[in-house]
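S.K.: Each residue of the sequence shown is one higher than the last, beginning at 1272 in this note's numbering.
Cβ coordinates follow ideal geometry from the N, Cα and C atoms, glycine included.
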Amino acid sequence: MNTAVGTAFILAAADAEVTTRLFDLDWQLLHDAVLMIIAIFVLMLIMGHFLFNPARKFLADRSDRIKNDLDTASKEKADALALKDEYETRLRDINKQAEEILSDARKRALNNEADILAKARQEAARIIERAGQEAELEKQKVADQVKVEMIDIAAMMAGKVVSANIDTTVSDSLINETLKEIGESTWLS
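Next up, the structure:
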């Protein structure tokens, strides 16, 4: 029985193979294919409008943003390199400027020292001159005091000598004569 069923099945399959083909080109298949192609095309248009265009726009915007970021980064890198070169130049110049400032400060200190020494010498000269003037004045005072004392002594001696020998009128005339001989300039100086 199995053989009879097996052979009947084989015969039925062979008949079906002869009557049905795997790929049959008929008008219905062509019509369905054209409709499917039109549907896929319309679907692609709709998807392109609502899905692909926003995605393309997003990708284009992202690409532009990345390009701008890269341009900005390269510009900032160039600016940073320029700043770095400028700072390196400034650092090199700082040593020169520091040396110039120090030499200028040394010059000013030497000038100040010379000015202070000159002022000190002038002040010392003034002090010495003033001391000389004061010594001269003291000398003059002492000389004047000596003159006064000598006159007093001479007057006392003359008074004793004259009182013993001369009267008052003669003594007054002698004092006046002596004063005239000495002169008034001696008494005034």
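Once you ignore the five residues that flank VAL1417 on each side, which residues in its own chain have a CB closer than 8 Å to its CB?
M.R.: none
S.K.: For the alpha helix (DSSP H) that ASP1303 lies in, which residues bound it at each end?
M.R.: 1298-1318
S.K.: Whole angstroms are fine: how far does the CA of ALA1389 sit from the CA of GLU1405?
M.R.: 24 Å
S.K.: What ranges does the beta strand (DSSP E) occupy inside the stretch 1364-1413, keeping only unbroken runs of at least 3 residues that lie completely in it?
M.R.: Counting only runs of at least 3 residues, the stretch 1364-1413 fully encloses no beta strand (DSSP E) element at all.
S.K.: When you compare only the Cα positions, how much space is there between VAL1419 and ALA1385?
M.R.: 50 Å
S.K.: Whole angstroms is fine: what's the gap from ILE1317's alpha carbon to PHE1323's?
M.R.: 9 Å
S.K.: What separation, rounded to the nearest whole angstrom, lies between the Cα atoms of ASP1350 and GLN1368?
M.R.: 26 Å
S.K.: Please report the distance separating the alpha-carbon of ARG1397 from that of SER1374.
M.R.: 34 Å
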